[in-house]
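Participant:
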Amino acid sequence: MLARVANNLFWMGRYIERSEHLARYLNVNYFSSLDAPNELSQSREFVLRSIMFMASNEVIGAEVNLKEEDVLFNIGLNIKEPYSIIYSFNSAHENARSSRDIISTELFESLNTINHKIKNYNAKSFVKNGLYDFTSMITKSTLELRSKMRGTLLHDELYAVIMLGIYLERALQVTRIINAKCSDAAVERLKYKDSPENGHLWATLLKCVATYDMMRRLYKKTPTKKTTLEFLILNPECPRSIKNCLNQMEKYINILSKHQVVKSNSAAFLIKKLNAEFKYKLIEDIEVDVEGFISGLIDKLVVIGETLGDNYFKITNYPVIKKSSTSKQNQ
Amino acid sequence: MKKTIELPLFSSYEFNSNFYDELFNKNEEVRKIYKTLFKLFSEYSVTEFNSLNNRAKEAFFNNGITFQVYGSDDLQEKIFPFDLFPRIIDNTEWNKIETGVLQRSKALNHFLWDVYHDQKIIKQGIVPLDLISSSENFLSQMVNLDPPEGIYNHISGTDLIKHADGEYYVLEDNIRCPSGVSYVIGNRAAVKHALFGVFNKYNAQTVVDYGANLLEIIESVKPKGVDNPVCVIITPGVYNSAYYEHSFLAKQMGIDLVEGRDLFIQNDFVYKQTIYGPEKVDVIYRRIDDLFIDPLEFRKDSLLGVPGLFSAYKKGNVCLVNAPGTGVADDKAVYTYMPEIIKYYLNEEPILSNVHTYHCSRKNELSYVLDNIDKLVVKPVDESGGYGISIGNKLTKEEIEKVKETVKANPRKYIAQPIMALSTHPTYIEESGSFEPRHVDLRTFTLLGKDKDFVLKGGLSRVALRKGNLVVNSSQGGGSKDTWVLKK
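From first to last, the protein sequence lines are chains A and B.
Note that our numbering has the first sequence beginning at 2, numbered continuously upward.
Note that our numbering has the second sequence beginning at 31, numbered continuously upward.
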């Protein structure tokens with residue numbers, strides 16, 4: 002497989018996954034805030050800030066007055082904002098288009114049809130009353146795409162590259178969503194020092210990652226910070242937990258690197274190393290410094306992404322070398 | 031001359047006895063071969079047909095069988111106009127076309143070898159020297175260079191028209207990078223979906239085997255010493271208007287679609303950059319024009335090509351499909367010598383006729399052309415895509431004077447032909463909600479390889495969508511139709 006094409010497919014996977022998380026976060030946060038238990042978590046300002054923090058990774062100062070329609074438009078349909086859903090999906094489509102000879106006709110057709118739908122979505126009706134429809138359409142569409150990937154692509158290194166993109170992005174998005182919600186919880190704690198823990202907030206976090214029902218089945222109790230984090234970070238059976246993402250990444254890097262010796266600091270090495278660290282981790286180890294754990298995890302995932310690029314997707318600008326000159330190029 | 035048919039979908043069909051109508055004969059009766067198909071179309075209401083037509087267009091759009099145009103503020107995707115009424119060619123008629131286009135492709139291949147080697151045909155006075163020496167498409171770099179297995183034009187696209195006399199004539203040969211074959215296959219898929227009830231009543235030849243045959247052909251011209259050649263297609267990139275076709279062919283053949291930046295040259299061998307490092311490439315089906323393939327040898331500002339590629343080709347380490355320099359032979363001035371070229375190399379009579387052509391480079395013919403511009407089509411010899419063509423009977427007096435000046439300034443650059451009466455075919459016109467006759471031509475696709483040749487049994491029928499227009503190129507607002515070649 003061409004290095005350039007592999008890079009496109011890796012990013013196609015990442016952008017599809019990103020679109021899904023953005024859409025669900027927007028949907029769940031907005032609608033769950035409508036029946037939140039206290040004044041703060043019900044307030045528009047608070048919800049909009051949380052949404053902006055997760056999507057754009059930027060903390061908006063208290064002096065800025067956020068307008069609901071602007072925030073929704075920017076995150077949903079503003080093609081000029083790199084954190085928007087439309088930007089993300091459009092990037093997935095562009096990446097797929099420049100590798101359409103290698104992906105299945107069925108997968109490309111779905112991607113293309115969905116991209117047309119998003120591009121032609123009416124922005125006015127979206128900010129007024131289309132939020133639920135639009136975000137649900139995105140999450141359904143990404144499910145359709147994943148099923149086409151699983152069912153219509155050869156499960157070889159091409160598939161492994163796409164899956165590495167998907168699971169790396171999922172690990173990053175889930176980590177960032179946890180981060181955003183923990184920061185909401187911290188703000189709440191400042192305001193309501195003596196009130197009991199807000200179960201609603203942790204339920205929202207679980208719903209943002211589509212894991213609420215799974216978690217209830219396993220723990221049978223109202224989610225707390227501790228049980229929620231344990232489930233989302235460490236439970237290998239939860240298909241959206243960090244641990245599960247790492248397991249999947251290890252599975253697919255094994256396919257990609259099956260004929261290669263694993264050198265230290267290669268992408269394969271780094272993925273296996275991080276997964277090994279998680280193997281004997283307890284929630285108690287994380288609890289002592291959640292913030293530090295999260296920022297350390299994000300850093301490690303980013304390095305893995307960069308190393309994958311370096312190991313497999315790089316295009317070198319080789320000079321033309323003639324036989325007469327000495328060649329140092331490895332072949 | 032005017033008559034309106036009583037059926038809703040044909041209410042605006044105007045007959046014109048100056049042209050050969052492929053659906054109706056002179057007595058305005060449906061030709062035998064179209065009877066079953068016509069019955070189906072005659073049963074549709076306008077509303078039913080519109081919805082069928084829209085569904086077909088939607089399928090093209092969703093499948094991304096599109097090209098991009100710059101809109102007011104962003105890139106817009108468009109589908110190539112497509113018509114659901116297929117064109118039918120019977121077996122006898124097709125056999126003549128098939129043997130005729132194959133004969134031309136073979137003769138052109140011999141001609142190219144000769145032009146770049148001994149130039150016997152010139153020395154013997156059969157074609158004039160200045161035909162070659164003044165051609166912008168003659169590549170001196172190709173002189174005495176032997177392409178693998180002696181093949182230059184592996185892929186030829188021959189454009190034919192059906193004249194008022196019911197005979198096919200060759201309009202031009204395209205042997206640089208002829209395009210359009212993906213639409214032949216796309217159109218067939220669309221027609222099968224829309225007209226499934228009638229398709230199985232016609233015994234049409236399949237067109238989906240093109241990719242498999244193309245792969246066999248390009249593998250057959252592998253460089254010496256290579257057993258299992260690695261083949262790739264090189265494209266200028268996603269923004270090229272034919273990108274869909276490039277990716278389609280790559281997918282059909284299961285080979286990589288590369289861009290210039292994916293390849294590099296080392297010690298005169300070509301390598302592609304894969305996820306596991308460099309891998310040698312043996313055959314390149316290039317969809318980049320000659321002058322852009324290698325900035326070290328041709329246009330220095332080309333970012334599309336691969337530096338050092340031509341040197342690797344010269345060494346025989348890689349095969350380029352088609353060979354560089356083929357443009358010298360699909361020049362419209364060379365076209366006029368095709369009957370002589372076929373006789374000279376193959377010792378055969380041409381199976382397909384040429385349209386009579388006047389060379390503006392010859393004094394007496396030039397003066398005829400200048401006196402009769404209103405009755406002629408004047409074409410530049412080395413342009414493709416329908417650019418620079420003027421059709422005499424559509425010009426104003428001032429425009430005729432302008433054409434005269436242009437031709438006089440550079441007579442070698444122009445040829446002229448009588449205005450041919452391209453046949454007409456029923457084409458759905460959305461504005462009138464009816465089929466109307468529109469002019470069509472036919473592009474065929476011929477492949478030449480080592481000990482193998484292949485003509486695609488079908489082709490691209492290109493339609494001039496504007497009423498009365500004779501130029502069918504897609505770059506000039508033309509559309510296309512599925513073409514059924516019937517089995518015996």
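Virtual Cβ for every residue (Gly too), placed ideally from N, Cα, C.
(1) Taking Ala-4 of chain A as the query, report the chain C residues whose CB atoms sit under 8 Å from its CB, ordered along the chain.
(2) Tell me the residue span of the beta strand (DSSP E) that contains Asp-471 of chain B.
(3) Can you name the start and end residues of the beta strand (DSSP E) that Val-311 of chain B belongs to?
(4) Starting from the C-beta of Ala-268 of chain A, find all residues in its chain whose C-beta is less than 7 Å away, skip the five residues before and the five after it, and write them out in chain order.
(5) Val-288 of chain B: beta carbon under 7 Å from a heavy atom of the ligand GDP?
(6) Just the C-alpha distance for Gln-282 of chain B and Ala-242 of chain B, rounded to the nearest angstrom, thanks.
(7) Quick one: which residues of the segment 108-122 of chain A get their C-beta closer than 8 Å to a C-beta of chain B? List them in chain order.
(8) Pairs of beta-carbons, one from the segment 133-153 of chain A and one from the segment 18-33 of chain A, closer than 8 Å: are there three or more?
(9) Let me know if Tyr-417 of chain B comes out buried or exposed under the rule of 16 or more other beta-carbons within 10 Å of its beta-carbon.
(10) Quick one: Cα of Gly-293 of chain A to Cα of Thr-229 of chain A, how far?
(11) Can you name, in chain order, every residue of its own chain whose Cβ lies under 6 Å from the Cβ of Pro-456 of chain B, other than the five neighbours on each side?
(12) In three-state terms, what does DSSP make of Arg-117 of chain B?
(13) Closest to Ile-118 of chain B by C-alpha separation, out of B:Asp-360, B:Asp-471, B:Pro-354, would be which residue?
(14) Note down, in chain order, every chain A residue with its Cβ under 9 Å from the Cβ of Pro-410 of chain B.
(15) Assuming Asp-483 of chain B contacts Asp-412 of chain B (C-beta within less than 8 Å), just tell me the rounded distance between them.
(16) Within a Cβ cutoff of 7 Å, which residues of the same chain sit near Val-48 of chain A, ignoring the five residues on either side of it in sequence?
(17) On the DSSP bridge assignment, give the partners of Val-520 of chain B in chain order.
(18) Please decide whether Asp-312 of chain B counts as near chain A, where near means a Cβ-Cβ distance under 8 Å.
(19) Just checking my contact of Tyr-182 of chain B with Leu-132 of chain B at CB under 8 Å: how many whole Å lie between their CB atoms?
(20) So which residues of chain A does Ala-359 of chain B contact, with C-beta pairs closer than 8 Å?
(21) So, for Phe-322 of chain B: in the same chain, excluding its five sequence neighbours on each side, which residues have a beta-carbon less than 8 Å away from its beta-carbon?
(22) Give the list of continuous alpha helix (DSSP H) stretches no shorter than 4 residues that lie fully inside the segment 233-320 of chain A.
(23) Does any residue of chain B have a CB that is nearer than 8 Å to the CB of Ser-85 of chain A?
(24) Which residues in chain B sit within 8 Å of Thr-317 of chain A, going by Cβ to Cβ distance?
(25) Got a sec: is the Cβ-Cβ distance from Ser-163 of chain B to anything in chain A below 8 Å?
(26) Starting from Tyr-26 of chain A, trace the alpha helix (DSSP H) in both directions and tell me its first and last residue.
(27) What does Asp-311 of chain A reach in chain B if we use C-beta pairs closer than 9 Å?
(28) At the level of alpha carbons, what is the spacing between Leu-108 of chain A and Ala-220 of chain B?
(29) How many Å lie between Lys-427 of chain B and Leu-112 of chain A at the Cα?
(30) Please say whether Lys-438 of chain B and Pro-410 of chain B have beta carbons closer to each other than 8 Å?
(31) Does the beta carbon of Arg-15 of chain A sit closer than 8 Å to a beta carbon anywhere in chain B?
(32) Measuring only the C-alpha atoms, how far is Ile-215 of chain B from Glu-370 of chain B?
(33) Could you list the residues in the segment 264-292 of chain A with a C-beta less than 7 Å from some C-beta on chain B, going in chain order?
(34) Here's the rule: buried if 16 or more other CB atoms are within 10 angstroms of the residue's CB, otherwise exposed. What is Tyr-269 of chain B?
(35) Spatial neighbours of Val-210 of chain A within its chain, please: CB distance less than 7 Å, with the 5 preceding and 5 following residues excluded, ordered by chain position.
(36) How is Gly-509 of chain B classed by DSSP in three states: helix, strand or coil?
Facilitator: In this structure, then:
(1) The displayed structure is made up of protein chains A and B, and chain C is not among them.
(2) Element bounds for Asp-471 of chain B: 464-479.
(3) 307-311
(4) Taken in chain order, the residues that qualify are Ile-254, Ile-305, Thr-308, Leu-309, Asn-312.
(5) Here there are no bound small molecules, and the ligand GDP is not part of this structure.
(6) 7 Å
(7) Phe-109, Glu-110, Asn-113, Thr-114, His-117
(8) Taking 8 Å as the limit for Cβ pairs, the verdict is that the segment 18-33 of chain A does touch the segment 133-153 of chain A.
(9) exposed
(10) 18 Å
(11) Leu-53, Phe-115, Phe-465
(12) strand
(13) In terms of Cα proximity to Ile-118 of chain B, the closest of B:Asp-360, B:Asp-471, B:Pro-354 is B:Asp-471.
(14) Result: empty, since nearest Cβ-Cβ is about 34 Å, beyond 9 Å.
(15) Actually they do not touch by this definition, with Cβ atoms about 27 Å apart.
(16) Asn-30, Tyr-31, Ser-34
(17) This structure cannot settle anything about residue 520 of chain B, because the visible part of chain B is limited to 31 through 518.
(18) no
(19) Contact flag wrong, Cβ pair sits at about 15 Å.
(20) Ordered by position in chain A, no residue passes the 8 Å Cβ test against Ala-359 of chain B, which lies about 30 Å from the chain.
(21) Pro-266, Phe-328, Arg-329, Ser-332, Leu-334, Gly-335
(22) Counting whole runs of 4 or more residues, the segment 233-320 of chain A contains the alpha helix (DSSP H) stretches 243-257, 268-280, 284-288, 291-309.
(23) No, Ser-85 of chain A lies away from the interface with chain B (no Cβ there is under 8 Å from its Cβ).
(24) Taking a Cβ-Cβ cut-off of 8 Å, the neighbours of Thr-317 of chain A in chain B comprise Phe-294, Gln-303, given in sequence order.
(25) no
(26) The continuous alpha helix (DSSP H) containing Tyr-26 of chain A extends over residues 4-34.
(27) Here the premise fails: no neighbours, minimum Cβ distance about 12 Å.
(28) 19 Å
(29) 53 Å
(30) no
(31) The C-beta of Arg-15 of chain A comes no closer than 8 Å to any C-beta of chain B.
(32) Ile-215 of chain B and Glu-370 of chain B: Cα-Cα distance of roughly 35 Å.
(33) Cβ contacts with chain B come from no residue of the segment 264-292 of chain A.
(34) exposed
(35) Val-175, Ile-178, Leu-233, Arg-241
(36) Strand.
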